[in-house]
Each structure stands twice: as C-alpha cells, then as structure tokens.
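Residue numbers (the numbering used here), protein chains in the order written: chain A, 1 to 216; chain B, 1 to 216. Backbone N, C-alpha and C fix where the C-beta goes; we use that ideal spot for every residue, glycine too. Right, one structure below, let's go through it.
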DNA sequence: CAAGAATGACTGACCAGTCAGTCATGACGT
DNA sequence: ACGTCATGACTGACTGGTCAGTCATTCTTG
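Have a look at this one:
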C-alpha cells in the first residue's frame, strides 16, 4: 500500500472505510436482509444514493465488510511472536489470539454466517480463503515438529491441521451461539490441553490401541 | 406417540410429513429467502393456500423442517449400541454416527445455517436444544470414566465435553463448506485419535508441562 | 347435499437500485 | 474583489419487481 494517493483519493478511501465500519455493525445487528441500504445511509447521516457511489450494490458492500473482518483476523494472528521461538508456545499463542479475536469481535462471526447463508453460490466462504492462505506455513511448521519427533507421526499432517482448525472453528461458533459458561482463559487452557494431550489418562493411553475400528 | 388417530388425522399427519420432506430439500437447495411458498406447493403439486392449512406461515414450516432434521440426528445417535459396553467404543461410535449422519444428510446442515442466519432472535438454535438434551447423560458417562481413572482428571468434565462437541461441530461445518479431502473413515479415525491422544509425541508429553500460560 | 378440503387470483407491504436535480467548492476572468 | 461557470459529490422521491399471506370460490367426500 503506497501513500501515493491524491488528497481526493485519500478522502474517498477514508469515507469508504467509514461506510464499511458502520455497515458491519448494522449487518451484524440486524442480519443481511433486515439491514436496508436506507438504514446504513441514515446511520452515517448521508443519502442512500451516496452508498452507490462507493459500492456497486448491497452485496458488494456486504462482502467488503466480511473481507475487512478476515483481514483484521489475519492481522491479529500475525502479531503472534514467541520470545525463544518455542514451537508449542507459538501454537498455544495462535490459539489464544484466534479465540480472543472472535470473543472481542463477535460481529465478524455474524457476518460469516450471513455470508454463507445468503451467498450460497460463492466458490468459497471468505473465512476459508484466508484459512487456506495460512495453511502452507502451518504445514511446514508441523512438518518440522514431526521430523524432530516432538509431535506424533502416526497421523497425517493435514488431518492434524484439520482437527485443530475444526476445533477452533466449532468453538468460535458455539461461543457465539450459546455463549461461554467459563472465562475465556479457562476455555483457552482446556482447548490447548485437549489439543496437546487428548482425553485419555496416562494409564489408559498404554492400554488402549486401535479403538477407531468400524465394525458397526 | 400413540396410534389413536382417526384415519383423517392420520392422513393429515402423513401429508404434513410429505410437505416437510419436500420443503426441507427446497429450503436447503435454494436458501430460505429464495424458496418461495409457491415453489414448495408446486413441487408437491398442490396450491399455495393448502400449505397454510398445515402450517401457520413460512417460518413455522421452516422450523418444522429444522426440527425434523435434529430428530433424525437424535435417532441416529440413539442407534449406538456397543456389544460389551466398552465406553471408548461408545464414544468412538457416537463420533462415527455423528459424522456419518451429516455426511449423508448435508441438507440438514444447510438448514441449521439458514436458521441461525435468519431467525436471529430465537432463544437457542435448534441444534443446541437437542445437544443440551443429550448433555447430562454424557456428563454422567464421563464422570464414571474419570472416577475409574480411565480419562484424565485434570480438566473439568464440561470443558472436555465442550471440546469434543466443538470439534465435531466444526468438522461438520467445514466438511459441508469446503468438502472433505479424505474419505470419511479416514477423517473419522483422525478425529478419534486426536480426541483420545492429542498431537504430542510420547516423548514430548513428559517433557512439556503448562504450555498454556498467558504471558503475552 | 352439507361440511370440510383445496384452490389460485389478488393484495399490500417491502426495498434495492435509479436518476434528475441540488448544492458546495474552487477555478477563472474581469 | 466580485461575478460566473464548471465540476462532481450528494440527494431522495420514485419505480419495478417480488412474494407472503388471504379469501371468495370450487371441488371432494362421506
């Protein structure tokens, strides 16, 4: 992003941003259908027609809001820095950032739901576009951990990544839909412990093998 | 459910069911908004007005579809029977049934999304109503496993149940949104292994303690 | 021939998107 | 300094299409 913008362009971009911010709140509060363009305009104290100078239509405005949200998430995840580069700290802290982000920005969850419910024909929900962009770096990262024998090698890396990702994805939605019953930090600890060690006791780990058969 | 229904009532109930079945498919295929009452009627070869003899409105019809889906899930989960009552088999098989059900009935996932996106003011999404109804039995079940030292006791039962539930919930949605890249049975095995043992290697388990701190 | 079931044309509310018109600003000429 | 004009950002009344729900009428059945 260069700053080589004329003052006019700059103002325009800024205004566009204000619109996105206001629209995000209203879309999340009211849902896509019930959030009329008139209302977005009213909220900003401008006329409806003006919105169409910045966006080609309601759908484009909405998708701009979703995208902004996922960019904010991306930014939050990139702020993860671990002092001595401890890989497990890096995992734990990324989990923390993810849960914290959506705890603080529930409106973005609502937009993800609305997006999927209403624009059903889109090739891929925005969340997964961004998720996939992060994927290859995580894959390399886990590969190193496997090579150095620090995580188990009897499961495919992609299956591991999927499980962790799905656990977080599900946690985010559930928190939003029915609320957390415990403080975020406790939930975070539970998620990390579950991810690292699973549910079995130490004694049972040795006894139990190959439970996942399918003789039913 | 008694069978003490007059033939007329019976016919009525049956017809109602046919409507729900057809509407489920159309709601899932088209989304709530784009699925007009006219179309549901047309699909069944009846007039729109007839639908209003069976349901008070579009919303009621839709919610009946969602509820039917969750009842079907409930039925599928109740079919879990384990020969020698092995608790871990019971867990594994329930996971299997859950994943399999939504793999075979993706339309019900779509309805869950639509429900949450459009009826935002409902007290609780239908999925969680049914989930909560199953909860206490699972809590007792896990309590026994803890008491007998077969699962770890350093995490709260509800946190464990939440993690497992969220993992499955997230997996279901992700499968539906972007598809599985591996066969269902492989995914199932990965989920079960992850749930039981987590990601750490055996060597690392001993070394690593208390990673989930929050000094950031 | 009731009585209830089914019909489908009709209504009224709703709202995204349009576009003819207004207005603030600033540039230019006198 | 002042009037004139050009620009384009902004406005908001209006249109056209959509669709849930209604109800007077027709059909079916016991």
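Taking Cβ to Cβ, would you say residue 109/B is nearer than 9 Å to residue 172/B? Going by C-beta atoms, residue 109/B is nearer than 9 Å to residue 172/B.
Could you compute how far the alpha carbon of residue 72/B sits from the alpha carbon of residue 199/B? Residue 199/B has its alpha-carbon roughly 33 Å from the corresponding atom of residue 72/B.
For residue 168/A, I'd like the list of residues in its chain whose CB is within less than 8 Å of its CB, leaving aside the five on either flank, ordered along the chain. Once the five neighbours on either side are set aside, the close Cβ partners of residue 168/A are 95, 98, 99, 191.
Please name the residues in the segment 182 to 200 of chain A whose beta-carbon is closer than 9 Å to at least one beta-carbon of chain B, in chain order. Close to chain B, meaning a Cβ-Cβ distance shorter than 9 Å, are the following residues of the segment 182 to 200 of chain A: 182, 185, 186, 187, 188, 189, 190, 191, 192, 193, 194, 195, 196, 197, 198, 199, 200.
In the DSSP assignment, find the alpha helix (DSSP H) that holds residue 32/B and state where it starts and stops. Taken as a continuous stretch (DSSP letters only), residue 32/B belongs to no alpha helix (DSSP H), as it is neither H nor E.
Pick helix, strand or coil for residue 200/A, following the three-state DSSP scheme. DSSP places residue 200/A within a strand segment (E or B) once states are collapsed to three.
Is the beta carbon of residue 195/A closer than 9 Å to that of residue 128/B? No, Cβ-Cβ distance for residue 128/B and residue 195/A is not below 9 Å.
How about residue 111/B and residue 55/B: are their beta carbons less than 9 Å apart? For residue 111/B and residue 55/B, no; Cβs fall outside 9 Å.
At 4 residues or longer, what runs of the alpha helix (DSSP H) sit wholly inside the segment 61 to 108 of chain B? Runs of the alpha helix (DSSP H) spanning 4 or more residues and lying entirely within the segment 61 to 108 of chain B occur at 87 to 104, in chain order.
Between the Cα of residue 118/B and those of 204/A, 24/A, 22/A, 34/A, spot the shortest distance and give me the residue it belongs to. That would be 34/A, whose Cα lies nearest to the Cα of residue 118/B.
Cβ-based burial, residue 13/B [other Cβ within 10 Å; buried from 16]: By the Cβ neighbour-count rule, residue 13/B is exposed, with fewer than 16 other Cβ atoms within 10 Å of its own.
Cβ contact (3+ pairs, closer than 8 Å) linking the segment 52 to 67 of chain B and the segment 10 to 24 of chain B: Taking one beta carbon from each stretch, the segment 52 to 67 of chain B and the segment 10 to 24 of chain B have 3 or more pairs nearer than 8 Å; the two touch.
Which residues, in chain order, does the segment 114 to 126 of chain A contribute to contact with chain B at a C-beta distance below 8 Å? Within the segment 114 to 126 of chain A, the residues whose Cβ lies closer than 8 Å to some Cβ of chain B are 114, 116, 117, 118, 120, 124, 125, listed in chain order.
What are the boundary residues of the alpha helix (DSSP H) that residue 182/A is part of? No alpha helix (DSSP H) holds residue 182/A; DSSP gives it neither H nor E.
Under the three-state DSSP convention, the category residue 3/B falls into: Any reading at residue 3/B is ruled out, since the residue's pLDDT is 46, under 50, leaving its predicted position unreliable.
So, residue 157/B versus residue 142/B, is the Cβ gap smaller than 9 Å? Taking 9 Å as the cut-off, the beta carbon of residue 157/B is found closer than this to the beta carbon of residue 142/B.
Own chain partners of residue 238/B with C-beta closer than 7 Å, once the 5 adjacent residues on each side are dropped: Because chain B here runs from 1 to 216, residue 238/B falls outside it and cannot be looked at.
For residue 155/A and residue 139/A, which I take to be in contact (beta-carbon distance under 8 Å), what is that distance rounded to the nearest angstrom? Not quite, the Cβ-Cβ distance comes to about 13 Å (not below 8 Å), so this is no contact.
Taking only the alpha-carbon atoms, compute the straight-line gap between residue 144/A and residue 87/A and give it to the nearest angstrom. Distance between the alpha carbons of residue 144/A and residue 87/A: 10 Å.
Could you tell me whether the Cβ of residue 3/B comes closer than 9 Å to any Cβ of chain A? The predicted position of residue 3/B is uncertain, since its pLDDT is 46 and thus under 50; a value taken from the coordinates is nonetheless stated next. No, because no Cβ of chain A sits closer than 9 Å to the Cβ of residue 3/B.
Using only alpha-carbon positions, find the residue among 66/B, 19/B, 30/B, 31/B that is nearest to residue 45/B. Cα-wise, what sits closest to residue 45/B is 19/B.
Taking a Cβ distance cut-off of 9 Å, strictly less, list which residues of the segment 158 to 173 of chain A are near chain B, in chain order. For the segment 158 to 173 of chain A, residues whose beta-carbon sits nearer than 9 Å to a beta-carbon of chain B comprise 158, 159, 160, 162, 163, 164, 165, 166, 167, 168, 169, 170, 171, 172, 173.
Between residue 201/B and residue 152/A, which are expected to be in contact by the criterion C-beta below 8 Å, what is the C-beta distance as a whole number of angstroms? About 5 Å separates the two Cβ atoms, so the contact holds.
For residue 157/A, does the three-state DSSP call read helix, strand or coil? For residue 157/A, the secondary structure class from DSSP, reduced to helix, strand or coil, is helix.
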